[in-house]
Structures are given as C-alpha cells and as structure tokens.
Amino acid sequence: MASPSSDLDRERRKCTFNVAELTDIINGGREKTERRQYLESLVLNEPIFNYDDYYFLSREEKYSDAVKKTVRLVQVLKQHNIEDPEDYQTLLKYVLNLNLPIALHNSMFRPTIRDQGTDEQRKKWLPLANDYKIIGTYAQTELGHGTFIRGLETTSTYDPKREEFVLNTPTLTATKWWPGCLGKTSTHAVVMAQLYIKNQCYGIHSFIIQLRSLKDHSPMPGVTVGDIGNKVGLETNDNGFLAMDNVRIPRENMLMRHAQVYPDGTYRKPANSKLVYGTMVLLRATVVSESATNLSKAATIAIRYSCVRRQTEAKPGELEPQIIDYVTQQHKLVPQLATAYAFAWIARYMMSTYHALHADIESGHLGALQELHGISSGLKAFTAEMSVSGIEVCRRACGGHGFSAASGLVSMYKDRLPSCTYEGENTVLYLQTARFLLKCFRQPSITPSSMSYIQVKPLPGARWGVKSPEDLMKPILLVEAFEHRAQRTIKSAAQFLESQISQGLDTSEAMNRSGIEFVRCAKAHCYYFVTRNFFQSTALLKCSKEIKESLLTLGVVFALNGIADNSGEFLEDCFITGTQMEFVRERILYCYKQLRPNLVGLVDAFAFADQSLNSALGAYDGDVYNRLYNWAKRAPLNKTDVHSSYHKYLKPILKSKI
Ligand SMILES: CCC/C=C/C(=O)SCCNC(=O)CCNC(=O)[C@H](O)C(C)(C)COP(=O)([O-])OP(=O)([O-])OC[C@H]1O[C@@H](n2cnc3c(N)ncnc32)[C@H](O)[C@@H]1OP(=O)([O-])[O-]
Ligand SMILES: Cc1cc2nc3c(=O)[nH]c(=O)nc-3n(C[C@H](O)[C@H](O)[C@H](O)COP(=O)(O)OP(=O)(O)OC[C@H]3O[C@@H](n4cnc5c(N)ncnc54)[C@H](O)[C@@H]3O)c2cc1C
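Just so you know, the sequence shown maps onto residues 0 to 657 in numbering that gives the first Met the number 0.
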C-alpha cells in the first residue's frame with residue numbers, strides 16, 4: 000500500500016497553480032490572509048483550544064468545554080484589543096470548530112441593540128455587552144409559533160403609572176422556545192413581544208429583559224428559564240425556554256429607535272413595521288457565508304481523504320487506485336467543491352449588499368428593505384440547503400470512515416442541519432423571495448438593477464445557442480440558460496397565480512395553491528444569481544492564468560451540474576435539446592479530468608487549520624490510519640481492557656451452565 004502522506008505530496012506536486020496566491024484571493028487579499036494568520040496564531044497555540052477528544056464528550060461536557068473555550072476566547076480578544084466584528088467572524092470561520100454558547104450575543108443581541116436602540120440605549124447597553132459584562136440572546140420563537148411572527152403570544156403591557164412594561168407568557172404555547180444560549184448562559188435577552196397600551200395591541204416590538212442575577216446567575220423573579228434538552232446536533236449550545244410571569248422592566252428597556260412609547264403611553268409607530276425584523280435579515284446574510292465555509296471544510300476533508308484512500312485493484316497485483324480516480328467519486332465531490340467556490344463568492348456579494356442596503360435603510364431609504372429581504376431570504380435558503388446536502392454527500396463519499404465521529408463530517412452535518420430551519424424555515428423564505436420576484440415582474444419601477452433581467456420576457460420558442468461541447472466553456476451561454484429558466488419560471492408562477500385568482504379563489508388561497516410554483520421560481524432565480532455572480536466576479540480577478548482556468552472550470556461544473564440535475568426544467572419548453580443535454584454530460588466529465596490534478600490544491604487553498612477541521616480523514620498530512628487508530632485507542636470504552644459491564648452482566652451468562 001502507498002503511504003498516505005506521499006499520496007498527498009504527489010498530489011501537491013501536480014498542482015498547476017500557486018496555492019498561496021489562491022488563498023489570498025479567497026481571503027480577499029494578502030493583508031486579509033496575514034490578519035487571518037495572526038488571529039490563528041493567537042488561538043491555535045493555546046492548549047485550551049485543542050479539540051482532539053471533543054467527539055468523546057457527553058452533551059454536558061461539550062457545553063461546559065465550550066463555555067471554558069468561550070471565556071478564554073473573550074480573554075484573548077480583550078488582551079489583544081480585537082474588537083472588529085470581521086476578526087471575530089474570521090476566528091469563527093477558520094479557527095474555532097464549535098458553536099459558541101455566546102453565539103447569539105454577538106450575532107443577534109448586540110446587532111439588535113445597535114440597529115433598534117436609540118443613541119442613549121446604545122450608550123447604556125453596548126459597552127456592557129461589548130465588554131461581556133452581560134451576555135444576551137434573541138428570544139423570539141415560541142412553542143406555538145416560529146414562522147408566523149405576527150402570531151407570537153408573549154405580551155408586554157405598558158403601565159403608565161410606574162412607567163414600566165410588564166411582560167407575561169399568557170399560555171403554554173407563548174413560552175419562548177429554541178433561542179440559542181438562552182438555557183444556561185445568557186444574563187439578558189432581547190425579547191420579542193406584542194406591545195399593549197391601554198388594551199390596544201400595537202404588534203411585535205423588542206424589549207431588553209434581565210434573565211439572571213449578575214451576582215449568582217440565578218433566574219430573576221418571575222423568570223423561568225432552562226435548556227430545551229438534547230437535539231440532533233449543536234450540543235455545545237444551550238437552546239432554551241423562557242416563561243415570564245409579570246416581569247417588570249423600565250420603559251427605557253423597549254428598543255425605541257423606530258417606534259416609541261412616551262411616558263404617558265402615547266405610541267409613535269415605526270416608519271415601516273418590518274424594521275423590527277432587521278436582525279433576522281442580517282443573520283440570513285451570515286448564514287450564506289457559514290454555508291460556504293462549511294461546505295468548503297467538508298470538501299477539504301473528503302477530497303484529501305479520497306486521494307489517500309485506495310480501493311479495489313484494477314488488475315491483479317497492481318496498486319489499488321486512489322478512490323478519487325473513480326469518476327463516480329469525482330461526480331460526488333467535484334460538484335461540492337465547485338459549489339463551495341461559487342458560495343464563497345456569493346457570500347461576499349451578500350455581505351457587501353447587506354452593508355450597502357443597510358446603510359441606505361439607516362439613512363431613511365426604506366425602499367431598500369424589501370430588496371434586501373428579497374435577496375437575502377432566497378440566498379439563505381438556497382445556500383443552506385445545498386451546503387447541508389453537500390456535506391452529507393461528502394460524508395457518504397468517505398465510506399465507512401465517514402460514519403465515524405473522527406471524520407469530523409458527522410458533527411458538521413448535524414450542526415449545519417438546522418441552518419435550513421433557523422432564521423426562517425427554507426420553504427417559507429423561498430416563498431418570500433418569490434413574492435418579491437413576482438412584484439418586480441409586475442412593477443419595473445421597484446426592480447433593483449441586479450434583478451433587471453426579470454423585465455425581459457422570455458421569447459416563446461427561444462433556443463439555447465450551444466452548438467458543441469466546447470461552447471459549454473463559455474460563461475455567457477451558461478448564464479443565459481439559467482436566466483432563461485428563471486425568467487420562464489417567474490412568468491409561469493405569475494400566470495399560475497392569476498389563473499387561481501380568476502377561478503374565484505381569494506388571494507391567500509390562490510397564493511397557497513401557487514406555492515410550489517413560487518418555490519420553483521425562487522430556486523431558479525437563486526441558481527441564476529449565484530452562477531452569474533461567480534462568473535462575473537472571477538472574470539475580474541487579476542491572477543495567474545492557471546488559477547483563472549481552474550476557477551472557470553469550477554464555475555462550469557457548478558453550472559452544468561445545475562442543468563443536469565434540473566434537466567426537466569430546461570427541456571420542458573425545449574430551450575435545451577436532448578443533444579445539448581448529451582453535450583452537458585460529456586463536458587462535465589471533461590471538466591473533472593481538467594480539474595483532477597488541482598483538486599488537492601483547490602482545497603488546500605481554503606487553508607483550514609487541522610484544528611478547525613478536527614478530522615482524522617482530512618488533516619493536511621493525510622496520515623489517516625494512524626489518526627483513526629490513535630483516536631480509537633483514546634475512546635472512553637477503551638480505558639480498561641475489561642469493561643465494568645462484563646462484571647455486571649456478561650460474566651454471569653458466560654459462566655452459567657448450559
Ligand atoms: C445561529 C442560529 C440563530 C438562529 C436564530 C433564529 O432563528 S431567530 C428567529 C428567526 N425567525 C424567523 O426567521 C421567522 C421567519 N418568519 C418571518 O420572518 C416572517 O414571519 C415572514 C417574513 C415569513 C412573514 O412576515 P409577515 O407576516 O410580517 O409578512 P407577510 O408575509 O404578511 O408579508 C408582508 C410584506 O412584508 C414583507 N416583509 C416580510 N419580512 C420583511 C423583512 N424582513 N423586510 C422587509 N420586508 C419584509 C413581505 O415581503 C411582504 O411584502 P409585500 O409582498 O406585501 O410587498
Ligand atoms: C437550532 C435552532 C436554533 C434556533 N435559534 C433561535 C434563536 O436563537 N432565537 C429564536 O427566536 N428562534 C430560534 N430558532 C427557532 C427558528 O427560528 C424557528 O424554528 C424557525 O423560524 C422555523 O419556525 P417553526 O419552528 O415555527 O417551523 P414551522 O413554521 O412550524 O414549520 C413547519 C413546516 O411548516 C411549513 N410552513 C410554516 N409556515 C408556512 C407557510 N406560511 N407557508 C408554507 N409552509 C409553511 C414549513 O415550511 C415547515 O415545513 C432556532 C431553531 C433551531 C432549530
């Protein structure tokens with residue numbers, strides 16, 4: 000058998016481009032790489048951030064270990080004056096390999112105060128939160144409602160005599176349920192509740208509630224709080240429940256940047272009722288980035304392992320091939336790698352669009368709200384869905400060892416799975432994007448320039464301009480196919496909705512009956528958007544010819560697999576012919592062959608530290624078998640040669656007389 004590490008060495012020698020150059024491109028420039036390396040050096044050298052035996056821990060131990068790591072992380076950040084949220088994101092993405100029990104503090108609690116608090120509220124709360132003197136979460140979802148926010152039951156009733164709000168959980172189903180870091184960690188929460196003044200309900204608003212004493216962490220009077228119990232994954236996170244019984248807070252604890260309640264109970268409504276949903280939009284944009292990172296990690300593990308793993312001699316006596324050389328294996332993994340690259344670029348687009356539109360909103364241009372919501376909802380759903388299914392493809396592609404916790408893919412899959420549910424269940428979000436697409440279809444005046452393609456009506460009888468397999472290397476033709484599909488499905492969803500209404504259904508029933516068409520067009524739009532963005536952005540890069548070629552080929556793989564996997568949608572109006580579909584399949588194989596020498600280089604370029612992959616199969620040196628063996632030897636069951644259950648149970652039957 001060939002040595003695993005020499006297999007990877009050989010792969011690295013075959014690579015046609017400079018991996019460090021590509022790493023800089025992925026990171027967004029040399030300076031960003033250096034910053035990332037600096038941040039890594041602060042954390043990776045600390046034994047406390049070692050994850051070697053993480054997969055052996057129980058749920059409680061995992062939570063406790065995560066708290067320990069979190070506290071040390073906070074100390075490191077303070078010690079080195081690291082305050083830039085981008086640095087924190089970099090650490091989460093590339094260095095740490097767990098969901099922190101303060102995740103919600105940084106991702107939702109602080110941003111909600113920043114975006115929904117007045118200047119005085121920011122001045123009061125943000126220094127405490129930034130300094131981790133308080134730890135907060137975002138408590139919106141209830142036992143009875145997650146999706147339908149307007150249906151939340153928690154109440155916050157204004158008492159003008161004492162200038163206080165009184166928070167209550169009026170029913171069992173009003174109990175807050177799921178908020179991350181709520182069960183055991185957080186001292187405070189932004190709670191979303193129905194605002195009542197003088198018996199009138201003004202809808203959902205945000206309130207800051209103290210959950211636990213800052214002296215001894217015990218729950219505050221009237222607060223019942225705890226962990227919701229074991230879940231599929233995210234074991235380090237104390238997703239929690241919260242019930243409130245006449246919990247009083249000062250009037251100043253309602254976040255009043257957009258809506259205000261004056262001391263006498265006068266209410267001033269926000270300029271747009273959806274401003275209160277702002278933090279969710281930010282998180283949806285962040286999920287796009289996390290989906291990209293995690294799929295990149297999974298592809299790194301599975302591709303390195305597939306270059307090390309050898310199976311089934313082709314001819315008797317010959318060295319068994321590396322499993323990566325089976326085209327069926329390439330057909331599993333190369334599309335995941337291509338998707339990871341396409342997502343890395345759409346994540347960058349999503350974050351910069353978020354910041355630009357958010358700045359517009361802050362300066363009062365509220366029209367940007369629906370554009371941001373329309374773009375981010377679909378992309379969150381699309382990237383989460385493909386990333387989660389891609390991680391599972393990578394896991395299975397590792398065969399038996401993919402089922403071992405030591406692969407790192409099991410926990411990655413379990414921890415990413417809920418990204419299809421949290422921050423808006425995916426179907427619900429696709430429906431929101433479809434709503435926006437249809438609105439743009441009908442009203443050119445509100446259509447953002449990035450979506451102007453919707454205004455071009457697809458010509459009946461339009462045909463794809465591909466004449467040969469070579470044509471499939473032309474981004475313009477690939478983008479054209481996705482554009483056509485998106486235009487056609489949006490038009491068809493609009494027509495379907497109209498047909499339902501013309502049959503006499505009321506709008507909500509007609510919308511419900513059109514749901515499948517809506518989701519179809521939202522997915523088609525997202526595929527188009529991601530493909531177009533990848534080709535456009537990578538075409539502008541100043542880099543070596545070899546890197547350009549590899550990125551182009553990855554883009555072609557992403558696009559062609561999208562066509563092959565959704566072939567019915569391109570064939571049903573005869574836009575693509577059967578012959579062109581044969582070209583597609585042929586070209587996919589061609590691209591795999593082109594990319595084969597560079598596969599390890601392409602995953603090395605993500606530059607994940609071994610610690611952040613925490614995988615016996617995917618470490619840089621490829622020393623898979625030693626890692627698996629040494630890891631198994633450390634398993635708790637192997638602490639003694641004879642297990643206590645032998646003495647308790649096995650021995651009596653083994654010793655009993657037949
Ligand atoms: C680490 C993990 C942490 C996880 C944390 C969490 O999960 S936290 C918990 C996460 N929880 C969730 O994510 C819950 C998911 N649920 C929701 O976000 C909402 O309930 C909803 C958006 C589904 C519907 O909301 P609704 O019933 O109020 O609205 P509607 O359907 O009646 O539409 C009316 C109009 O409003 C528009 N509009 C809507 N939202 C926005 C927006 N943000 N901006 C701008 N506009 C928006 C919409 O486009 C429509 O426009 P049109 O067509 O009339 O011009
Ligand atoms: C790990 C995890 C962490 C979370 N963290 C937080 C947190 O920190 N804070 C917080 O407040 N919440 C949190 N949540 C809650 C999360 O945001 C909700 O679970 C999510 O928004 C989905 O809502 P739901 O559970 O009500 O699902 P439901 O809406 O009940 O969905 C069930 C099914 O009904 C369908 N459905 C529902 N409504 C519609 C509709 N209008 N049209 C068509 N189909 C529909 C869905 O597509 C889905 O198939 C978390 C959840 C998880 C799993």
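Backbone N, C-alpha and C fix where the C-beta goes; we use that ideal spot for every residue, glycine too.
Because the structure is a prediction, the values reported are computed rather than measured.
- Taking a contact to require three or more Cβ pairs closer than 8 Å, the segment 12 to 31 and the segment 532 to 546 qualify as touching.
- Under the three-state reduction of DSSP output, A65 falls in the helix class.
- Note on the segment 492 to 569: whole alpha helix (DSSP H) runs with a minimum of 4 residues are 506 to 512, 514 to 538, 544 to 564, in chain order.
- Straight-line measurement puts the Cα of Q610 at about 21 Å from the Cα of V387.
- Taking C-beta separations shorter than 7 Å and ignoring five residues to either side along the sequence, the partners of N293 in its chain run S386, I390, M411, R415, following chain order.
- By the criterion of at least three beta-carbon pairs nearer than 8 Å, the segment 265 to 275 is not in contact with the segment 71 to 79.
- In its chain, beyond the 5 residues on either side, T537 have a beta carbon closer than 6 Å to the beta carbon of L550.
- Rounded to whole angstroms, the Cβ separation of H257 and V246 is 23 Å, and the two are not in contact under 8 Å.
- By a beta-carbon distance limit of 8 Å, V287 contacts I345. Their separation comes to about 6 Å.
- A straight-line Cα-Cα distance of about 33 Å links Q120 and L41.
- Put simply, the segment 334 to 353 does not touch the segment 428 to 436. Fewer than three CB pairs are less than 8 Å apart.
- Comparing alpha carbon positions, the residue from A558, S467, M472, Q328 closest to A396 is Q328.
- Close CB contacts of W630 within its chain, under the 7 Å cut and outside five residues either way in sequence, are with A405, A615 (chain order).
- Closest in alpha carbon position to N98, among I133, E312, D6, G232, is G232.
- CA-to-CA, the gap between S272 and T89 works out to about 33 Å.
- Between the segment 581 to 592 and the segment 468 to 478 there are three or more inter-stretch CB-CB distances shorter than 8 Å, so the stretches are counted as touching.
- Contact check between the segment 135 to 150 and the segment 185 to 203: three or more CB pairs, one atom from each, fall below 8 Å, which counts as touching.
- Taking all protein chains shown into account, E10 has 16 or more neighbouring C-beta atoms within 10 Å of its C-beta and is therefore buried.
- For A192, the enclosing beta strand (DSSP E) begins and ends at 187 to 196.
- In this structure, Q193 and G202 form a Cβ contact; the two beta carbons are roughly 7 Å apart against a cut-off of 8 Å.
- Taking the C-beta atoms as reference points, L7 is found no nearer than 8 Å to G398.
- Between the beta-carbon of C520 and that of I489 there is about 5 Å, and that keeps the pair under the 8 Å contact cut.
- Between ligand 2 and V286, a heavy atom-to-CB distance of less than 7 Å is absent.
- The way I'd put it, the segment 171 to 187 does touch the segment 218 to 236; three or more beta-carbon pairs between them come closer than 8 Å.
- The beta-carbon separation of S106 and L282, rounded to 6 Å, stays under the 8 Å limit for a contact.
- A direct Cα-Cα distance of roughly 5 Å separates I323 from S305.
- A distance of 8 Å or more separates the beta carbons of E317 and Q310.
- In the DSSP annotation of this structure, the continuous segment of the beta strand (DSSP E) that includes V222 starts and ends at 222 to 226.
- In the structure shown, the three-state DSSP call for A138 is strand.
- At a threshold of 7 Å, G179 counts as near ligand 1, since its beta carbon sits closer than that to one of the ligand's heavy atoms.
- Boundaries of the beta strand (DSSP E) around E163: 163 to 167.
- By the CB criterion at 8 Å, F164 and N44 fall outside the cutoff.
- Excluding the 5 residues flanking it on each side, C525 has same chain C-beta neighbours closer than 7 Å at G377, L378, F381, in chain order.
- In the structure shown, P315 adopts coil according to DSSP, grouped into three states.
- Under the three-state reduction of DSSP, S406 is assigned to helix.
- Distance from the CA of K122 to the CA of E361, rounded to the nearest whole angstrom, comes to 18 Å.
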